[in-house]
Each structure stands twice: as C-alpha cells, then as structure tokens.
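The C-terminal position of the sequence shown is numbered 171 in our numbering, with every residue numbered one higher than the one before it.
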Amino acid sequence: MKNRLFTRNSTIFFLAAITAFTVIISIAMPFFKPTSHAEKLLREFYTAGTNDLLKLPNDPQQLSDLWLKVYGAHMTEEGFEDAMAGRDFIRCVKKANELKSDIYPKKILLNKGDEVKDMNGRELHYYNYTVVCQVTGKQVMDMNFYGKLVLVKSNYQWLVDRIEPEF
C-alpha cells in the first residue's frame, strides 16, 4: 500500500512540477524573444494622434528626454542617438498631422535578413518590417509602413541599434 501511495504522490508532484515549469516558460518567453524590443519600439513609433505634433515640447532637451523615456529601453545608446540625429521619431507624428488622422498599429511583421558580425565582434540581425496601421480620420483605412532595422545583443537583450523608416 505504501508503494502505491508513494507512486501516486510522486506522479502528482511530477505533473505539478511540469505544469509550473510550462507556466513559467510561457510567461517568460516574450523576454527571450529576440524581436520583442523591436516590436514594442515599432508599436510606439507608429502610434500617433492628429494633435501630437502640437503637444511636443519646443525645447530640444525636453524633446530628447521625452523620446528617451518612450524609446530608450528598446534601443542601444548609439541607435537612439542616430535616430535623434535623423529626426526619425517625429516622422509618424508628422504623417498623422499631414493626414489629419490618428495612426494605430494593427499588425507588425518582421522579416529576418542577414546575420553578421561587425568590426567589434557584435552579432547584428537585420530585419525588414511592415507595420499595418489603422488610420482614422474622416474615413477609416489601413495603411502600410515599411522600413528596416538592426538588432544587436546588449546586456543579454536584443535591442534596436538602427531604425530606417521609409516615409
């Protein structure tokens, strides 16, 4: 009788351990996904309201601080500085203002390209992306936005090192 009980308890413990492990892995998977920062950045990048341009601070330092707060966690320092210098962050906001519409991402598609090592030995992953957005103004329509980005592993995370939106 003890032998059966031990087997039953062992089986229950084993099944509980497997279930707990599966739950933990399913919760943690987005953190291991190499493109999770890229997807979050693109979701923020392609979300813009009609009046967002008017809400932006005029002071360059305040604007830089705002962009850093929104995008900084998803990018390398060099990638952020390059995007700031190219005024990339404001492009979708200007597009929303031009269309007199709000823009919201519905779907983000990342197509992996080459994997190379740079001169410093960093592993770079190149991606082409398509962001399908819903544009709401006088009429509701879908609009596709395209671009390229590069991911690099930094502190055990894949961060965006370069973004090249095509507007």
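For every residue, glycine included, the Cβ atom is placed at its ideal position computed from N, Cα and C.
Could you give the residue range of the alpha helix (DSSP H) that holds residue i?
| i | result |
| --- | --- |
| N101 | 95 to 103 |
| D86 | 81 to 89 |
Between the options, which has its C-alpha nearest residue i's C-alpha?
| i | options | result |
| --- | --- | --- |
| G83 | Q161, E170, V154, F171 | V154 |
| I167 | D86, I107, D63, L128 | D86 |
On the CB-based measure, 16 or more other CB atoms within 10 Å of its CB, does residue i come out buried or exposed?
| i | result |
| --- | --- |
| G141 | exposed |
| F93 | buried |
| A89 | exposed |
| K116 | exposed |
| E145 | Before going further, note that residue 145 is Met rather than Glu in the sequence given. That one is exposed. |
| S14 | exposed |
| G125 | exposed |
| A20 | exposed |
Work out the CA separation of residue j and residue i for me, nearest whole Å.
| i | j | result |
| --- | --- | --- |
| P109 | I16 | 45 Å |
| V136 | M123 | 35 Å |
| R47 | I112 | 8 Å |
| N55 | L67 | 16 Å |
| F171 | E43 | 18 Å |
Can you tell me whether residue i is helix, strand or coil according to DSSP?
| i | result |
| --- | --- |
| Q138 | strand |
| D56 | helix |
| D122 | coil |
| N159 | coil |
Just to confirm the assignment, what range does the beta strand (DSSP E) spanning residue i have?
| i | result |
| --- | --- |
| K37 | From DSSP, K37 is part of no beta strand (DSSP E); its letter is neither H nor E. |
| P64 | Looking at the DSSP string, P64 is not in any beta strand (DSSP E); the run it does join, the alpha helix (DSSP H), is 64 to 75. |
I'd like to know whether the C-beta of residue i is nearer than 7 Å to at least one C-beta of chain B.
| i | result |
| --- | --- |
| K99 | This model lacks chain B altogether, as it is built from one protein chain only. |
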